[in-house]
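Using our numbering, read the sequence shown as starting at 19 and increasing by one per residue. Written out below as structure tokens is the structure these notes cover.
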Amino acid sequence: MGEQTFVEEVLESPTPVVVHFGAPWCGPCKMIEPLLTRLQAEWGKRFKLIGINADENFKLSIRYRITTLPTILLFERGEVVHRLEGLHRRDELWRELQSVLASPSQTSIPPEAIPSDRSS
């Protein structure tokens, strides 16, 4: 993802954006991807999900001080409002993202409702 695309897709987005910094060689990154995809499927257009290869996007990695993979940043109105670093258990990650993204009227989605072929 180029700098201009990042500005358009993330910083100028009218909806919240979950940015997942990962790398092809990162096992924990691959474990988190299905959960993030499921979260987006459940919540539709309430947020955008963007995956960034940290190795190929060195400038963005430096700008956002990415030192651990995976790192998940939640952007709202162009600002980082929440940061998660490293591997989290499936239910912890789900709860954390849900607490940040959910409005008071949003129905809670229990982590056990998420199909997983891996145990937490």
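Ideal Cβ positions, reconstructed from N, Cα and C, are used throughout, including at glycine.
Report task. Would you grab the beta carbon distance between Arg101 and Leu87 for me? Rounded to a whole angstrom, and I think it's under 8 Å. Result -> Going by Cβ atoms, the distance from Arg101 to Leu87 rounds to 13 Å, so no, they are not a contact pair.
Query - In DSSP terms, what Leu67 is bridged to - result: Partner(s): Val36.
Report task. Could you pull the start and end residues of the alpha helix (DSSP H) that Thr140 belongs to? Result -> Within the shown structure, residues of the chain are numbered from 19 to 138, placing residue 140 beyond reach of any answer.
Query - CA nearest to the CA of Val118, picked from Arg64, Thr85, Asp73 - result: Arg64
Query raised in the report: Start and end of the beta strand (DSSP E) containing Thr89?
Result: 89-94
Requested in this report: Please work out which residues of its chain come closer than 6 Å, Cβ to Cβ, to Glu94, disregarding the five sequence neighbours upstream and downstream, and give them in chain order.
Outcome: Pro34
Report task. Starting from Leu102, trace the beta strand (DSSP E) both ways and give me its first and last residue. Result -> Where Leu102 is concerned, the enclosing beta strand (DSSP E) stretches over 97-103.
Query raised in the report: Which same chain residues, not among the five before or five after Cys47, have their C-beta less than 7 Å away from its C-beta?
Result: Closer than 7 Å at Cβ, skipping near neighbours: Gly40, Ala41, Leu87, Pro88.
Query raised in the report: Given a threshold of 16 other Cβ atoms within 10 Å of its Cβ, counted over all protein chains shown, does Ile80 qualify as buried or as exposed?
Result: exposed
Query raised in the report: What is the rounded straight-line gap between the Cα of Trp112 and the Cα of Leu53?
Result: 8 Å
Query - Asp73, enclosing alpha helix (DSSP H) - first and last residue - result: Careful: Asp73 lies outside any alpha helix (DSSP H) and carries neither H nor E.
Report task. Tell me whether Trp61 sits in a helix, a strand or coil according to DSSP, three-state version. Result -> helix
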